[in-house]
Every structure is written in C-alpha cells, then in structure tokens.
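Mapping of the sequence shown onto this note's numbering: residues 680 to 899, in sequence order. Here a beta-carbon is modelled for each residue, glycine too, at the ideal position from N, C-alpha and C.
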Amino acid sequence: MRPWPFLPPSIAAHPINTNSSANLGSPTRSIPLFAKLSGGQKQRLFLVLALVHDPRVLFLDELTTGLDPHARRFVWELIRTIRNRGKTIFPGTDLIEEAKALCDRVAVFFHGQIVARDTPSRLIAHVGELHISLRLPRATSLPPLLQLPGIRTVETRNETLSNRAEDGRAVAAVVQVLVQVGAPLRELRVTRGRHKDAYLALTGAVAPREDRKPCTALHA
680 MRPWPFLPPS
690 IAAHPINTNS
700 SANLGSPTRS
710 IPLFAKLSGG
720 QKQRLFLVLA
730 LVHDPRVLFL
740 DELTTGLDPH
750 ARRFVWELIR
760 TIRNRGKTIF
770 PGTDLIEEAK
780 ALCDRVAVFF
790 HGQIVARDTP
800 SRLIAHVGEL
810 HISLRLPRAT
820 SLPPLLQLPG
830 IRTVETRNET
840 LSNRAEDGRA
850 VAAVVQVLVQ
860 VGAPLRELRV
870 TRGRHKDAYL
880 ALTGAVAPRE
890 DRKPCTALHA
C-alpha cells in the first residue's frame with residue numbers, strides 16, 4: 680500500500696514536504712511500497728508525514744526507533760532545526776541520551792506518574808551523585824573514607840580510588856583527610872552523576888516492589 684494517495688491534494692505543493700524529504704534522504708525518483716521499506720526508512724517516512732502540514736506543536740513517540748546511529752544524529756539535527764523555528768516538540772523516548780540532546784525540559788514518567796520535571800542539567804543537580812576519583816600510589820595508607828559523612832561507596836582499582844558522594848561537603852571531607860595524612864595525590868577529579876543515575880534514582884524512589892518492571896519513557 681502506498682500512503683501518498685490518502686493524503687490531501689494540497690500536500691504535494693507544500694514546501695516543507697520537499698525540504699523534509701530531502702533532509703531525511705527520501706528518494707525523489709520513485710516511492711517503493713511501504714511494506715518493502717526498512718525499519719529506518721519507515722521511521723523517516725512517519726517523520727516526513729508529521730512535518731508535512733508545518734504544525735506548531737509536534738508529538739513524536741520514539742522518533743528514532745529503528746535508525747542507525749548516523750541516521751539518528753541526522754534526525755536530531757532536523758528536530759533541532761524545527762525547534763529553532765519556534766515549534767514546540769514533545770518527543771517520547773526511552774533513550775536518555777536522546778532526551779538530553781533534544782529537550783529543554785524533561786518529564787520522567789514511571790507507571791503512569793510524573794516523578795520529576797525539570798531541565799536535564801537540574802535533574803542531575805538535584806538527584807545525581809558526585810563521583811570523586813583519586814589517583815594515589817598503591818602504598819598510600821588512608822583512613823576508611825566510607826566513614827566520612829556523605830560518602831556512599833568506595834572502590835579501589837590499581838592506583839585509582841573511586842568514591843560516590845552525596846554533595847560537595849563530602850568532597851571537602853575527602854580533601855581534608857588527604858591534607859591531614861599528607862597523601863601524595865597525583866590526580867583529583869570530581870564529576871557530576873549521569874542522567875542515567877538521576878533517572879534510576881527517581882524511578883527507584885517510587886518503585887519499592889522488586890516485581891515491578893521499570894518504565895523507561897522520557898518526555899520533553
């Protein structure tokens with residue numbers, strides 16, 4: 680079945696149709712049967728059909744499903760272009776990387792409830808942990824860092840000591856211990872937790888039962 684005969688006649692003359700098809704790499708010389716399209720080609724076609732009337736608001740559910748990484752990045756750039764023209768886009772996705780790349784604001788849904796809604800960076804700041812990485816000589820003797828306030832985990836691998844901390848106060852406590860014992864610190868790195876960490880923390884807070892299956896829908 681070909682979708683084009685079922686579209687309004689005005690679509691053929693609509694300028695966004697040509698631009699969108701070209702941007703998505705759709706063929707111009709012939710249109711194959713829908714059933715013969717690959718998963719990625721079908722997804723591109725759906726996106727073209729969504730854009731053909733030049734809507735002000737777009738709801739797109741898992742818009743890059745079936746696309747390879749190159750095609751996914753290509754679609755992301757198109758979505759950003761549409762957004763920069765003043766359009767409002769609600770992309771539903773289970774890819775945290777995609778939500779971060781496309782969304783100005785993110786709402787996290789879990790079992791039909793919105794458990795958080797904010798900018799991607801603020802979600803991490805509110806929930807994501809700090810990761811403290813210390814590089815020390817193997818013979819360095821330190822007091823138990825796990826006893827320090829705000830330190831959640833401590834892992835040692837070769838010369839690297841990794842700590843997960845609640846906030847900046849824990850970082851200050853670790854630095855104070857290093858100064859007190861005169862540890863020959865080679866490297867100190869502090870990074871904020873990832874979006875995945877924030878998502879797991881948010882959904883875990885409302886899912887106490889182990890038999891519940893996680894819902895991974897993220898919406899802008």
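Taking a cut-off of 8 Å for Cβ pairs, the region 774 to 781 and the region 842 to 850 do not touch, as fewer than three such pairs fall below it.
DSSP, reduced to helix, strand and coil, places VAL869 within a strand of the structure shown.
Of all alpha-carbon atoms in ARG759, ILE793, ASN842, the one lying nearest the alpha-carbon of ARG871 is that of ASN842. In this chain, GLN792 is not harboured by any alpha helix (DSSP H); it is covered by the beta strand (DSSP E) spanning 792 to 797. With fewer than 16 other CB atoms across the displayed protein chains lying within 10 angstroms of its CB, PHE713 is exposed. The C-beta distance from GLN722 to LEU737 rounds to 15 Å, too long to meet the 8 Å contact threshold. Between ILE768 and ILE761 the beta-carbon gap is near 7 Å, inside 8 Å, which marks them as a contact.
The region 787 to 799 makes no contact with the region 822 to 837: fewer than 3 CB pairs, one atom from each, lie closer than 8 Å.
Per the coordinates, the alpha-carbon of THR798 lies some 30 Å from the alpha-carbon of LEU724.
Here VAL754 carries a helix assignment [DSSP, helix/strand/coil]. Of THR839, HIS749, LEU821, the smallest CA-CA separation from GLN859 is found for LEU821. The alpha-carbon separation between VAL853 and ARG868 amounts to approximately 12 Å. Taking 8 Å as the cut-off, the Cβ atoms of ARG865 and LEU815 count as close. Residue burial is scored here from C-beta neighbours: GLN720 has at least 16 other C-beta atoms within 10 angstroms and is therefore classed as buried.
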